[in-house]
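Each step along the sequence shown adds one to the number in my numbering, with nothing skipped, and position 9 is 19.
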Amino acid sequence: MATKKTSAEKKHAESEVRHLRNKAVKSEVHTSVRKYLEAVQKKDQELALKNLRAVESELDNAGRKGVMKRNAVSRKKSRMARLYNVTFAASAAAAE
Numbered sequence: 011m012a013t014k015k016t017s018a019e020k021k022h023a024e025s026e027v028r029h030l031r032n033k034a035v036k037s038e039v040h041t042s043v044r045k046y047l048e049a050v051q052k053k054d055q056e057l058a059l060k061n062l063r064a065v066e067s068e069l070d071n072a073g074r075k076g077v078m079k080r081n082a083v084s085r086k087k088s089r090m091a092r093l094y095n096v097t098f099a100a101s102a103a104a105a106e
């Protein structure tokens, strides 16, 4: 005869599944941010812009799924955009 699983055991198993799913989403965000920061350090404006859009998309997904809080997503997007603008504003001004 099968043994019954208690509600606490079930909740624990569910939380483990959620934990792994959330960890995967956060890992994708961290990877995108790392690629973006590498592009900014190399002063590659086109690659940085492409990676900035990817970071924003990953952050939006994390916020929509509830992995990250809405304000945290907004704050990180703002900081990434500000870094892009500060880094490449000088090159845009020099080009004019």
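The beta-carbon is built from N, C-alpha and C at its ideal position, and this holds for glycine as well.
Note that the coordinates shown come from a computational prediction; the quantities given were computed from them, not determined experimentally.
| query | result |
| --- | --- |
| Endpoints, the alpha helix (DSSP H) within which Gly73 is located | 55-75 |
| Any non-hydrogen atom of the ligand SAH within 6 Å of Lys20 CB | Absence of the ligand SAH is noted for the structure shown, with no ligands found whatsoever. |
| Within 7 Å, strictly: CB atoms of Glu68 and Lys87 | no |
| Among Lys52, Gly76, Thr97, Arg44, the one whose alpha carbon lies nearest that of Ala64 | Arg44 |
| Distance, Lys20 Cα to Thr13 Cα | 13 Å |
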